Amino acid sequence: MPCITSAECPLLIYFHGGYWQFLSKAESGFMAVPLVSRGVAVVAVDYSIAPKGNMDLMVSQVRKSVVSIIQQYSHISGLYLCGHSAGAHLVAMVLSTDWSQYSITPQIKGAFLVSGIYDIVPIISTSVNEPLKMTKEIALHNSPIQLLQQLKVSSATSEIVVAVAQNDSPEFRRQSEDYFNALKSLGMKVTFEDVPNTDHFNIMENFVDSDYYLTQALRPCEYILDDIAPL
Numbered sequence: 584m585p586c587i588t589s590a591e592c593p594l595l596i597y598f599h600g601g602y603w604q605f606l607s608k609a610e611s612g613f614m615a616v617p618l619v620s621r622g623v624a625v626v627a628v629d630y631s632i633a634p635k636g637n638m639d640l641m642v643s644q645v646r647k648s649v650v651s652i653i654q655q656y657s658h659i660s661g662l663y664l665c666g667h668s669a670g671a672h673l674v675a676m677v678l679s680t681d682w683s684q685y686s687i688t689p690q691i692k693g694a695f696l697v698s699g700i701y702d703i704v705p706i707i708s709t710s711v712n713e714p715l716k717m718t719k720e721i722a723l724h725n726s727p728i729q730l731l732q733q734l735k736v737s738s739a740t741s742e743i744v745v746a747v748a749q750n751d752s753p754e755f756r757r758q759s760e761d762y763f764n765a766l767k768s769l770g771m772k773v774t775f776e777d778v779p780n781t782d783h784f785n786i787m788e789n790f791v792d793s794d795y796y797l798t799q800a801l802r803p804c805e806y807i808l809d810d811i812a813p814l
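Position one of the sequence shown corresponds to residue 584 (the working numbering), numbered consecutively onward.
This is the structure in structure tokens:
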């Protein structure tokens, strides 16, 4: 019987990367491979990538998606979020949500942010922004590093893992370290994982391999597995 029908089922919501302009949930099925067999329900979420969607719209969509999924599967035993690259940025924005504007306040038990972008202001002057067309104002209010006090209020009980690839670019590594240190300074339950022998892409692609560092050791997401009852 699928886990999602169980009365005690942890649920992981995954947000794909792609610089907010590529990929979709259709390429995200690999995330289910190491988790479904352990009793975790996995939901991959889509959002309107650029140029069809802008940053404000994408952030709004993923927040509403979380609310909708919670309402549909109210029996879950724990909600966890995971995102890679631009998806990690969107997870961080979900964690920074003012839930008083919504019909429900999700009880997020954990978040796994992989090779994320937490300050999108530097992107304004790059080619990545051409389809996004962000102004500095838009970039500022969609940068998780600018929303730390709001995150502290909404996610004080969450466990957060910030992971980065050993061979990620210096900017990805800097942003991951800065965001981790900022969360830690607020007293958040946060750990940092510097994943050896990986780059920006295979840090997630390797999840299909049962011998992979993150799949086998599972230290970055062991808080997820603590809640999984044996099948």
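For every residue, glycine included, the Cβ atom is placed at its ideal position computed from N, Cα and C. What you are looking at is a predicted structure, and each value in this text was computed from that prediction instead of being measured.
Note to self: For P689 and H658, I'd like the C-alpha separation in whole angstroms.
What the structure shows: Separation of P689 and H658 (C-alpha to C-alpha, rounded to the nearest whole angstrom) is 13 Å.
Next item on the list: Note down, in chain order, each residue of its chain lying with its Cβ closer than 6 Å to the Cβ of H599, except the 5 sequence neighbours on either side.
Entry: L606, S611, G670
Next item on the list: Answer yes if the region 774 to 789 comes into contact with the region 691 to 698, meaning at least three C-beta pairs across the two stretches below 8 Å, and no otherwise.
Entry: Yes, they touch.
Note to self: If distances are taken between C-alpha atoms only, which option among M771, V745, S710 comes closest to L734?
What the structure shows: M771
Check: Which value, in whole angstroms, describes the spacing of the CA atoms of I596 and L664?
Finding: Whole-angstrom Cα-Cα distance: 5 Å.
Margin query: I'd like to know whether the C-beta atoms of L715 and M638 end up nearer to each other than 8 Å.
Written below: yes
Next item on the list: Could you check the C-alpha separation between D809 and Y685 for me, to the nearest Å?
Entry: Here D809 scores only 40 on pLDDT, less than 50, and its place in the model should not be relied on; the value that follows carries that caveat. Cα to Cα, D809 sits roughly 29 Å from Y685.
Check: Run through DSSP, which three-state label would D761 get?
Finding: helix
Checklist line | F784 versus M641: straight-line alpha-carbon distance, rounded | finding: 22 Å
Next item on the list: Evaluate L594 with the Cβ neighbour count: other Cβ atoms within 10 Å of its Cβ, from every protein chain shown; 16 or more gives buried, anything less gives exposed.
Entry: buried
Item checked: Inter-residue CB distance, Y602 and V711 (contact presumed, cutoff 8 Å) -> The Cβ separation is near 5 Å, so the contact holds.
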